[in-house]
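J.: Below: one structure in structure tokens.
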Amino acid sequence: MHYTFHSRTDPGRARDNNEDAVAIDEASRVGVLADGMGGYNAGEIASGMATAFIKSEMARWLSETGKHAKVKEIRRALEICVDNANRSIFNASGSNPQYAGMGTTLVVGVFHENTLILGH
50 MHYTFHSRTD PGRARDNNED AVAIDEASRV GVLADGMGGY NAGEIASGMA TAFIKSEMAR
110 WLSETGKHAK VKEIRRALEI CVDNANRSIF NASGSNPQYA GMGTTLVVGV FHENTLILGH
């Protein structure tokens, strides 16, 4: 099955700074969207960290596992990636005063055969 990915973000009317980040890996059929928490420090840093980390880790895992991965295994790998990205952002937030309190929302989609596996 062939998938085509497209992305576009908009900062909205309230802010000039776009804290959205999108990462797509077409080869592994992974799409990640994050929206940094406005009103807090470094939302664009948090969303960028989350999307880059999850895209990279899921693409690596899927390339190593191949097409033989079961949906249950992909869900578990996705859980681990989201948890590790969260931990990384939390640690960065605590170690750099400029990043204190930063955070992001997150949605991840992995297309596997005829199934869409979502993480949020």
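To get this note's numbering, take the position in the sequence shown, counting from 1, and add 49.
Don't be surprised by glycine CBs; every beta carbon is placed ideally from N, CA and C.
These numbers come from a predicted model, not from an experiment.
How is the beta strand (DSSP E) around A63 delimited, first residue to last?
T.: No beta strand (DSSP E) holds A63; DSSP gives it neither H nor E.
J.: Quick one: any contact between the region 154–166 and the region 74–82, if contact means 3 or more CB pairs under 8 Å?
T.: Because the criterion of three Cβ pairs below 8 Å is met, the region 154–166 and the region 74–82 touch.
J.: Whose C-beta lies closer than 6 Å to the C-beta of V131 among residues of the same chain, with five residues either side of it excluded?
T.: Answer for V131: G168, listed in chain order.
J.: Got a sec? Which residues, its chain only, sit under 7 Å from A149 by beta carbon, not counting five neighbours each side?
T.: The residues are N90 and S142.
J.: Helix or strand or just coil, what does DSSP make of H117?
T.: It is helical.
J.: Once the 5 residues before and after A126 are set aside, which same chain residues still bring their CB inside 6 Å of it?
T.: These residues qualify, in order along the chain: W110.
J.: Rounded to the nearest angstrom, what separates M98 and G152 at their Cα positions?
T.: Answer to the nearest angstrom: the Cα atoms are 10 Å apart.
J.: In whole angstroms, give me the CA-to-CA distance for A72 and S137.
T.: C-alpha separation (whole angstroms): 17 Å.
J.: List the DSSP bridge partners of F102.
T.: F102 pairs with nothing; no bridge assigned.
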